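Trainee: Read left to right, the sequence shown gives residues 52 to 118 (the numbering used here). We put the beta carbon where it would ideally sit given N, CA and C, even for glycine. The model shown is predicted, which means the values in this text are computed figures rather than measured ones. Sending over a structure as structure tokens; questions will come in a sec.
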Amino acid sequence: MTTGDELVVALEELPDNADIGTLFHLRLTRESGEHLTCALLVREMGPVEALCEVLAIQPAEPEGPTS
Numbered sequence: 052m053t054t055g056d057e058l059v060v061a062l063e064e065l066p067d068n069a070d071i072g073t074l075f076h077l078r079l080t081r082e083s084g085e086h087l088t089c090a091l092l093v094r095e096m097g098p099v100e101a102l103c104e105v106l107a108i109q110p111a112e113p114e115g116p117t118s
């Protein structure tokens with residue numbers, strides 16, 4: 052996943068009262084176990100899910116000491 056990609060998100064993952072044009076952050080876990088925080092923009096909404104554009108991706112901070 053990279054900036055500019057589209058992501059389908061379940062409506063229950065959106066903030067309350069979200070609508071087209073809403074910006075929000077979502078924390079995701081990749082299959083590798085890596086955590087990411089994504090900034091998303093709602094482009095379209097359906098009855099159970101929304102189509103969102105990925106605006107930015109921030110990897111999670113490493114846990115524990117890094118020495």
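Where do the ends of the beta strand (DSSP E) carrying proline 110 lie?
Mentor: From DSSP, the beta strand (DSSP E) with proline 110 extends over 100 to 110.
Trainee: So, under 8 angstroms CB-CB, threonine 88 and alanine 111 are touching, yes? Tell me the CB distance rounded to an integer number of Å.
Mentor: Rounded, the Cβ-Cβ distance is 7 angstroms, consistent with contact.
Trainee: Taking Cβ positions, are leucine 74 and leucine 92 nearer each other than 7 angstroms?
Mentor: Contact flag set, yes.
Trainee: Is there contact here, the stretch 77 to 84 with the stretch 94 to 101, by at least three beta-carbon pairs under 8 angstroms?
Mentor: In short, these stretches do not touch, since the Cβ pair count stays below three.
Trainee: Decide if leucine 119 is buried, meaning its Cβ has at least 16 other Cβ atoms within 10 Å, or exposed.
Mentor: Residue 119 cannot be examined here, being either before or after the span of the chain that is shown, 52 to 118.
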